[in-house]
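Below: one structure, written as structure tokens.
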Ligand SMILES: Nc1ncnc2c1ncn2[C@@H]1O[C@H](COP(=O)(O)OP(=O)(O)OP(=O)(O)O)[C@@H](O)[C@H]1O
Ligand SMILES: [Mg+2]
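In my numbering, the protein residues as written are 85 to 479.
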């Protein structure tokens with residue numbers, strides 16, 4: 085079995101399962117990138133990059149070093165079992181020789197070795213104090229940044245408080261050092277906790293859902309790099325389907341390449357894109373495919389797939405909350421199918437059931453029952469499913 089060279093090449097451009105690592109492949113987010121870079125050279129300013137799952141936080145963090153010459157960056161990912169000391173041990177193990185020289189003042193031979201935190205401090209690392217880390221970083225002789233990705237995963241509240249203390253000490257005493265905190269959160273306090281003493285040292289960098297323009301750029305510029313052209317009518321559909329999640333722009337781009345290869349064409353028209361959408365559903369994250377089939381499985385033919393996929397198009401507020409009537413309207417708009425609220429409400433109730441993967445959550449707004457997706461990345465999946473259903477219905 086051979087893989088077509090264009091598909092091989094597409095793997096380096098469309099990466100639905102892999103964050104961006106190079107600036108050349110990074111679309112949009114100019115404002116957030118600019119503000120973060122400015123903080124890297126501003127004494128006492130520490131960016132907190134936050135947003136919902138999958139919006140591109142890691143990708144932004146990955147390109148910081150490449151985007152600003154003269155700043156040495158080390159990036160580590162935190163996990164649920166981390167303490168203050170284990171994170172700093174990881175920083176020491178991950179840091180480049182240059183970073184160790186610039187940030188810790190290590191000599192050449194020392195910088196080439198991996199030195200454990202305990203050895204460096206001369207005591208059991210589990211009792212490491214923020215002031216000791218600040219002391220190690222005091223040798224900084226150039227702009228340096230430590231990026232702590234997946235900070236939301238740290239469950240040890242003491243560790244989070246120690247990082248806040250460290251930010252305070254570093255702000256006051258180590259002007260060339262920046263701590264960048266990155267993670268899933270609705271606001272910075274959810275990520276790092278309430279610490280009034282560091283409020284003015286934290287720079288909020290919120291990553292909202294991606295704009296339609298940026299989503300389209302990922303899709304269209306990726307195809308362009310592969311010398312494929314695309315119909316305007318197709319390009320118009322991509323932002324709507326992806327609904328702000330760059331993962332889906334990559335998924336659709338990759339699927340469009342595969343569909344073009346299968347059709348022996350270098351132009352993505354509507355027919356090729358139809359096929360691409362089917363491939364994209366097949367290649368979607370297992371979790372979403374599973375949730376959709378669990379939610380809509382019935383022994384008799386039912387409207388469940390139509391109702392759930394239309395939820396992806398329901399008018400909602402900024403928190404993604406919608407009402408049953410919004411779903412009725414979406415069914416009329418997308419499927420040209422008239423159903424009553426009474427027909428939809430039992431299905432929506434079922435979708436909140438754990439037995440049906442609890443795809444939706446029931447929420448009360450001003451005493452009225454409303455709904456939202458348990459995982460917002462289910463929205464674009466439902467939109468893809470709606471498209472697939474429409475194709476099956478011959479529309
Ligand atoms: N600015 C961008 N330009 C192009 N692709 C992007 C951009 N940002 C993110 N992506 C793509 O979107 C997907 C998700 O990105 P990333 O992993 O950075 O998000 P995240 O917010 O860190 O996710 P998580 O919350 O799961 O950690 C990846 O496929 C990545 O390649
Ligand atoms: Mg991430």
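A virtual CB, placed ideally from N, CA and C, is assigned to each residue, including glycine. From a predicted model like this one, the values you see are computed outputs, not experimental measurements.
- In this structure, DSSP gives residue 445 an extended state, which the three-state scheme calls strand.
- The C-alpha of residue 226 is placed about 28 Å away from the C-alpha of residue 109.
- Taking residue 408 as the centre and dropping the five residues before and after it, the same chain places the C-beta of 425, 428, 429, 432 closer than 7 Å to its C-beta, in chain order.
- Not one heavy atom of ligand 1 is found less than 8 Å from the C-beta of residue 309.
- Counting along the chain, the unbroken alpha helix (DSSP H) around residue 326 starts and ends at 316 to 326.
- Measuring C-alpha to C-alpha distances from residue 264 to each of 293, 160, 87 identifies 160 as the nearest.
- If you look at residue 286, you'll find it in the beta strand (DSSP E) that goes 286 to 290.
- In this structure, the alpha-carbon of residue 304 lies about 19 Å from that of residue 347.
- Using a C-beta cut-off of 8 Å, the region 272 to 283 makes no contact with the region 310 to 317, since fewer than three inter-stretch Cβ pairs fall below that distance.
- Counting along the chain, the unbroken beta strand (DSSP E) around residue 134 starts and ends at 130 to 135.
- Under the three-pair Cβ rule at 8 Å, the region 175 to 182 does not count as touching the region 130 to 142.
- Shown here for residue 441: same chain residues with a beta carbon closer than 6 Å to its own, the five before and five after excluded, namely 375, 378, 379 in chain order.
- If you compare the alpha carbons of 368, 466, 122, 246 with that of residue 151, the shortest gap goes to 122.
- The beta carbons of residue 447 and residue 454 sit closer together than 9 Å.
- By the Cβ-count criterion, residue 111 is buried, with 16 or more other Cβ atoms from all chains shown falling within 10 Å of its own Cβ.
- Counting the other CB atoms within 10 Å of its CB gives residue 156 a total of 16 or more, which places it among the buried residues.
- The beta-carbon separation of residue 436 and residue 457, rounded to 11 Å, does not stay under the 8 Å limit for a contact.
- Looking only at 238, 103, 132, the smallest Cα-Cα distance to residue 230 is reached by 132.
- In summary, residue 475 is exposed, with fewer than 16 beta-carbon neighbours lying within 10 Å of its beta-carbon over all protein chains present.
- Distance from the CA atom of residue 467 to the CA atom of residue 193, rounded to whole angstroms, is 56 Å.
- Separation of residue 85 and residue 274 (C-alpha to C-alpha, rounded to the nearest whole angstrom) is 49 Å.
- Beta-carbon to beta-carbon, residue 367 and residue 392 are separated by about 20 Å, too far to satisfy the 8 Å threshold.
- In the three-state reduction of the DSSP assignment, residue 250 falls in the helix class.
- A heavy atom of ligand 2 is found nearer than 8 Å to the CB of residue 141.
- For residue 263, the pairing in a beta bridge is given by DSSP as 230.
- Residues of the same chain with a CB within less than 6 Å of the CB of residue 328, apart from the 5 flanking positions on each side, are 293, 294 in chain order.
- DSSP lists 313 as the beta-bridge partner residues of residue 351.
- No heavy atom of ligand 2 is found nearer than 8 Å to the CB of residue 231.
- Excluding residues up to 5 positions away in sequence, 218, 221, 222, 224 lie with their Cβ nearer than 7 Å to the Cβ of residue 258 in the same chain.
- Separation of the CB atoms of residue 299 and residue 330 is rounded to 7 Å, and the pair is thereby assigned contact status at 8 Å.
- Look at residue 139 here: in three-state DSSP terms it is coil, with no helix or strand label.
- Beta-bridge analysis with DSSP links residue 453 to 448.
- For residue 377, the uninterrupted alpha helix (DSSP H) segment begins and ends at 370 to 380.
- Per DSSP, the unbroken alpha helix (DSSP H) holding residue 412 starts and ends at 408 to 419.
- The closest heavy atom of ligand 2 lies 8 Å or more from the beta carbon of residue 412.
- Membership of residue 93 in any beta strand (DSSP E) is not indicated; the residue belongs instead to the alpha helix (DSSP H) covering 89 to 94.
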